[in-house]
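Structure, as structure tokens:
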Amino acid sequence: MEKVIEVKNVTKEIGNNLIIDDVSFSLESGKIYGLIGANGSGKSTLLKIILGLYSAEGEVIINGKNLRSNFEEVMSSISGIVDYVSFYDYLTAYENVRYFAMLYDVNFGRVKEVLDIVDLDYEDKRPVSQFSLGMKQRLGLAISLLKNPKILILDEPMNGLDPIGISKLRKLLLSFKDKTIIISSHIISEIEKIVDEVLFINNKKIIQKTIFREDNKKPILFKLSDYKEASKILDTPVLNEETSVYLSDNEVSKTIKEMVKRDVEVYRVESGTLEDDLLKMLEGDTNG
């Protein structure tokens, strides 16, 4: 797949604090990525760097263009919400979005389109001050969609939402088949339902782990007699009882049969979660 975002050796200091340390990764088009880490791990800072809101050492390449030297061209294809969106509370949803359309020099016909996408009634005469948090989240998303960006970045979009609001947002994000989406969230159980790949951020670094939602893969933990031989079977350089591998149920069955064939005793097989991986990573950092 085509690479739409390339982060190369990015480092960011704020004051005397090192926030991001020599981070590099690439993201492909049409996928949903989850960015997961502890509070203060640098998630929001990294997203702001990609959105051009923060300068940093290193390079950010968007659709083959350097963000710093092609800022206006790059920003035409990327949008996001990384801080609370300020609305005019006394205006309606339509009036708010129309105002931003004017700022972005977007045809006013697009206003109704984006409100329809996020399931807000453009004829609703209520001021935004009367909206629920979920409606405000969707209104912010409507504004971010005005330019029909190919890349969408959302920092903690599920914060404060009730289960119905989270469900609506999840379905909406999954409907964006033509966009590359990065979502930062503390609600790992929800991230797990929608992302194609996960970026763990820890100790100012990115550790990339992959899950393939479309193939129904999930993190699997093996308790084995011989991890060296098992790593050859799974084609995984490092494997131990605390290392998750992402497999479908069918692949788990085939892997166990192959391990038995090669005299690797299988003591236990557990289905892990992204939360398990995050906690182990953080515990490892604390213990180290």
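Position one of the sequence shown corresponds to residue 22 (my numbering), numbered consecutively onward.
Built from N, CA and C at the ideal position, the CB exists for glycine as well.
Because the structure is a prediction, the values reported are computed rather than measured.
Inset, instruction - Please work out which residues of its chain come closer than 6 Å, Cβ to Cβ, to residue 35, disregarding the five sequence neighbours upstream and downstream, and give them in chain order. - result: Walking along the sequence shown from the start, residue 35 turns up at place 14. None.
Legend entry - Beta-carbon spacing of residue 202, residue 166 below 8 Å: As a working mapping, residue 202 is identified with position 181 in the sequence shown. As a working mapping, residue 166 is identified with position 145 in the sequence shown. Cβ atoms of residue 202 and residue 166: not closer than 8 Å.
Inset, instruction - Check residue 204 in the structure and name its three-state DSSP category. - result: Numbered from its first residue, the sequence shown carries residue 204 at position 183. Strand, per DSSP.
Inset, instruction - May I have the straight-line CA-CA distance separating residue 162 from residue 138, to the nearest angstrom? - result: In the sequence shown, residue 162 corresponds to position 141, counting from 1. In the sequence shown, residue 138 corresponds to position 117, counting from 1. Taking the straight line joining both Cα atoms gives about 9 Å.
Inset, instruction - Indicate the three-state DSSP secondary structure (helix, strand or coil) for residue 173 in the structure shown. - result: Counted from its first residue, the sequence shown places residue 173 at position 152. DSSP places residue 173 in strand when its eight states are reduced to three.
Inset, instruction - Consult DSSP for residue 66 and reduce its assignment to one of helix, strand or coil. - result: The sequence position of residue 66 within the sequence shown is 45, counting from 1. DSSP places residue 66 in helix when its eight states are reduced to three.
Inset, instruction - Determine the closest residue to residue 46 out of 60, 180, 220 and 148, with distance taken between C-alpha atoms. - result: As a position in the sequence shown, residue 46 is number 25, starting the count at 1. Of 60, 180, 220 and 148, the residue nearest in Cα terms is 220.
Legend entry - Reduced DSSP secondary structure (H/G/I, E/B, other) of residue 242: By one-based count along the sequence shown, residue 242 stands at place 221. In this structure, residue 242 counts as strand in the three-state DSSP scheme.
Inset, instruction - On the DSSP bridge assignment, give the partners of residue 327 in chain order. - result: Given that the chain is displayed from residue 22 to residue 309, the structure contains no residue 327 and the question cannot be resolved.
Legend entry - Segment contact, 8 Å Cβ cut-off, at least three pairs: the stretch 96-106 with the stretch 175-185: yes
Legend entry - For residue 23, three-class secondary structure by DSSP: On the sequence shown, position 2 is the one that residue 23 refers to. Residue 23: coil per DSSP, three-state reduction.
Legend entry - residue 283 beta carbon less than 8 Å from that of residue 241: Position 220 of the sequence shown, counted from the start, is the residue given in the question as residue 241. Position 262 of the sequence shown, counted from the start, is the residue given in the question as residue 283. It is not a contact, given that the beta carbons lie outside the stated cut-off.
Inset, instruction - With a cut-off of 8 Å on the beta carbons, I'd call residue 143 and residue 115 a contact; round off their distance for me. - result: The sequence position of residue 143 within the sequence shown is 122, counting from 1. The sequence position of residue 115 within the sequence shown is 94, counting from 1. Correct: roughly 5 Å between the Cβ atoms.
Legend entry - For residue 161, the first and last residue of its enclosing alpha helix (DSSP H): If you number the sequence shown from 1, residue 161 lands on position 140. Its alpha helix (DSSP H) spans residues 154-165.
Inset, instruction - Kindly provide the ranges of any beta strand (DSSP E) runs that are 3 or more residues long and lie completely inside the stretch 74-146, ordered along the chain. - result: 78-83 and 99-102
Legend entry - Separation of residue 78 from residue 37, as counted between CA atoms: As a working note, residue 37 is residue 16 in the sequence shown. As a working note, residue 78 is residue 57 in the sequence shown. For residue 37 and residue 78, the distance between alpha carbons rounds to 15 Å.
Inset, instruction - Identify whether residue 270 lies in helix, strand or coil by the three-state DSSP scheme. - result: Locating residue 270 in the sequence shown gives position 249, counting from the first residue. DSSP places residue 270 in helix when its eight states are reduced to three.
Inset, instruction - Leaving out five residues on either side along the sequence, give the residues of the same chain with a beta carbon under 8 Å from the beta carbon of residue 273. - result: Locating residue 273 in the sequence shown gives position 252, where the first residue counts as 1. Counting only Cβ-Cβ distances below 8 Å, and skipping sequence neighbours, we find 241 and 290.
Legend entry - Three-pair Cβ contact test at 8 Å for the stretch 43-60 versus the stretch 22-29: yes
Legend entry - For residue 199 and residue 85, believed in contact at Cβ under 8 Å, the rounded distance: What you label residue 85 is simply residue 64 of the sequence shown in a count that begins at 1. What you label residue 199 is simply residue 178 of the sequence shown in a count that begins at 1. Actually they are not in contact, since the Cβ atoms of residue 85 and residue 199 sit about 18 Å apart, beyond 8 Å.
Inset, instruction - Check whether the Cβ atoms of residue 222 and residue 56 sit closer than 8 Å, and answer yes or no. - result: Mapped onto the sequence shown, residue 222 falls at position 201. Mapped onto the sequence shown, residue 56 falls at position 35. Against a cut-off of 8 Å, the Cβ pair of residue 56 and residue 222 comes out as a contact.
Inset, instruction - Would you mind stating whether residue 99 and residue 63 have Cβ atoms separated by less than 8 Å? - result: Position 78 of the sequence shown, counted from the start, is the residue given in the question as residue 99. Position 42 of the sequence shown, counted from the start, is the residue given in the question as residue 63. Result no, Cβ atoms of residue 99 and residue 63 do not sit closer than 8 Å.
Inset, instruction - Assign residue 281 to one of three DSSP states: helix, strand, or coil. - result: Numbered from its first residue, the sequence shown carries residue 281 at position 260. It is helical.
Inset, instruction - Note down, in chain order, each residue of its chain lying with its Cβ closer than 6 Å to the Cβ of residue 296, except the 5 sequence neighbours on either side. - result: Here residue 296 refers to the residue found at position 275 of the sequence shown. Cβ within range, chain order: 209.
Legend entry - Which residues DSSP lists as bridging residue 38, in chain order: One-based indexing of the sequence shown puts residue 38 at position 17. In DSSP, residue 38 forms a bridge with 35.
Inset, instruction - Verify the contact flag: residue 170, CB atom, against every heavy atom of the ligand ATP, threshold strictly below 7 Å. - result: The ligand content of the structure shown is nil, which means the ligand ATP is not present either.
Inset, instruction - Could you give the DSSP three-state label for residue 44: helix, strand or coil? - result: Locating residue 44 in the sequence shown gives position 23, counting from the first residue. If DSSP states are grouped into helix, strand and coil, residue 44 belongs with the strands.
Legend entry - Beta-carbon separation (whole angstroms), residue 140 vs residue 159, contact threshold 8 Å: By 1-based counting over the sequence shown, the position of residue 140 is 119. By 1-based counting over the sequence shown, the position of residue 159 is 138. Between residue 159 and residue 140 the Cβ distance is about 7 Å, and since that is below 8 Å, they are a contact.
Legend entry - Straight-line gap, residue 258 to residue 93 (C-alpha atoms, nearest Å): Counting from one through the sequence shown, the residue named residue 258 turns up at place 237. Counting from one through the sequence shown, the residue named residue 93 turns up at place 72. Cα-Cα distance, rounded: 42 Å.
Inset, instruction - Drop a sphere of 10 angstroms on the beta-carbon of residue 280, count the other beta-carbons inside from all chains shown, and report buried for 16 or more, exposed for fewer. - result: Taking the first residue of the sequence shown as position 1, residue 280 is located at position 259. Burial call: buried.
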